[in-house]
Amino acid sequence: MLLENRTAIVYGAAGALGGAVTRAFAREGATVYLAGRHLDRVEMLAKEITAEGGRAYAHQVDALDQESVDEHAALVAELAGGIDVSFNAVGLDHVQGVPLRELDLDDFLMPMNTFVRTQFLTSTAAARRMVEQRSGAIVILSTSAARAPMPSGGFGVACAGIESLSRELAGEVGQFGVRVVCLRPDAIPESVRHGSYVRDTWRRAAEANGATLEDMLAAKPGMPDPLLGRAVTLADVAGTAVYLASDLSSGLTGSITTVGCGVLVD
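Sequence positions in the sequence shown follow the working numbering and run 16 to 281.
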């Protein structure tokens with residue numbers, strides 16, 4: 016029970032990755048507040064967790080809207096007496112697989128205007144409450160696109176920006192006992208099979224490489240083979256998120272943890 020007596024907010028909780036992390040947090044004893052754009056989806060997940068003996072509450076939140084995020088963070092802090100963990104798994108469809116020299120400006124800027132925006136809004140909302148209580152862990156989500164020399168359009172640039180955001184925020188709040196860590200998973204084929212927006216993103220990227228979605232799910236053409244010989248799973252990422260949010264990683268802040276089965280070697 017690594018997160019016993021902790022209060023955690025998970026944004027994008029109804030998605031493939033958000034759901035996996037939410038369940039993992041709940042299994043480890045956290046009271047989880049599920050935030051999502053579609054209330055029915057997060058309510059369904061909250062009911063599943065509650066039925067399994069966990070503690071979960073569902074709220075409708077637009078994680079791209081500052082007022083919505085701030086109001087929800089204030090509500091959770093009031094209901095629970097504070098916020099101990101913040102994790103943002105919000106994902107949106109975007110263009111990948113098109114060379115930068117051929118990419119439309121709006122398509123290039125879209126990931127910055129969405130992924131960077133939502134991570135900024137949710138992490139700073141949590142930071143304001145955590146600074147007051149002098150404790151907390153903010154887990155910011157990037158991906159291996161931040162480091163990979165591949166045609167990921169503006170997404171890779173956005174991920175690099177998110178990683179810079181995590182370091183800067185860590186430098187600001189560390190003196191108050193608040194940790195900020197960045198989780199950088201490689202692509203997760205399992206998430207595609209959940210029928211999320213990721214399927215369309217992967218399909219377009221595969222077509223740009225002259226392959227099919229099935230080919231890309233099996234081998235990811237053009238990418239190096241992972242050292243472990245397998246792709247990253249949702250359980251891999253969720254388990255690492257638990258570790259980063261728990262006291263087991265109490266000495267980590269301003270750091271980036273890659274979950275890539277050896278695709279990237281630091």
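Where is the CB? At the ideal position from N, CA and C, for every residue including glycine. Bear in mind the structure is a predicted one, so any value in this text is a computation, not a measurement.
Cβ contact (3+ pairs, closer than 8 Å) linking the region 112-129 and the region 69-76: no
Could you say which of Asn128, Thr273 and Leu249 lies nearest to Val196 if we only look at CA atoms? Thr273
Cβ neighbour criterion (16 or more within 10 Å) applied to Arg144: buried
When the Cβ atoms of the region 21-30 are set against those of the region 93-108, are three or more pairs found closer than 8 Å? yes
Assuming the contact rule is C-beta atoms closer than 8 Å, Ala35 and Leu263 should be a hit. Round their C-beta distance to whole Å, please. Ala35 to Leu263, Cβ: 19 Å. No contact.
Leaving out five residues on either side along the sequence, give the residues of the same chain with a beta carbon under 6 Å from the beta carbon of Ala173. Pro126, Met127, Phe130 and Val131
Which residues in the same chain have their Cβ closer than 8 Å to the Cβ of Asp201, if we skip the five residues on either side of it in sequence? Thr158, Ser159, Pro241, Ala246, Val247, Thr273, Val274, Gly275, Cys276, Val278 and Leu279
Under a three-way DSSP split, which group does Gly34 fall into? helix
Judging by CA-CA distance, which residue of Thr137, Ser206 and Thr255 is the nearest neighbour of Ala31? Ser206
Against chain C, with Cβ distances strictly below 8 Å, would Gly168 count as a contact? No chain C appears in this structure, which consists of one protein chain only.
Where do the ends of the alpha helix (DSSP H) carrying Arg182 lie? Gly169 to Val188
Leaving out five residues before and five after Ala104 in sequence, what residues of the same chain have Cβ atoms less than 8 Å from its Cβ? Val25, Tyr26, Gly27, Ala28, Gly30, Leu32, Gly33, Val36 and Leu156
Collapsed DSSP secondary structure at Gln81 in the structure displayed: helix
Strictly by DSSP, which residues pair up with Gln75? Gly51
So what's Arg143 in DSSP terms, helix, strand or just coil? helix
Hey, out of Gly192, Val257, Leu267 and Leu136, whose CA is closest to Glu82's CA? Leu136
Considering Cα atoms alone, identify which of Gly168, Arg162, Ser261 and Met16 is closest to Pro114. Gly168
For His53, does the count of other Cβ atoms within 10 angstroms reach 16, so buried, or fall short, so exposed? exposed
Across which residues does DSSP place Cys197 in a beta bridge pair? Ile155 and Ile271
My guess is that Ile153 and Ala142 are in contact by the Cβ rule of under 8 Å, so how many angstroms apart are they, rounded? 6 Å
Which residues mark the beginning and the end of the beta strand (DSSP E) in which Phe130 is found? Premise fails: Phe130 is in no beta strand (DSSP E) and is neither H nor E.
Chain-order list of residues whose beta-carbon lies under 6 Å from that of Ala45 (same chain, five-residue window excluded): Leu18, Arg21 and Ala23
Using C-beta distances below 8 Å, list every residue in its chain close to Asp281, excluding the 5 sequence neighbours before and after it, in chain order. Thr273
Rounded separation between Leu94 and Leu267 - CA only: 28 Å
Give the C-beta separation of Ala88 and Ala140 to the nearest angstrom, bearing in mind that I take them to be a contact with Cβ-Cβ under 8 Å. 4 Å
Other residues of its chain near Ala163: CB distance less than 7 Å, five sequence neighbours each side excluded: Gly171
Going by CA-CA distance only, name the one from Thr133, Met165, Gly68 and Asp108 that's closest to Arg116. Met165
Alpha carbon of Gly225 to alpha carbon of Gly112, nearest angstrom: 10 Å
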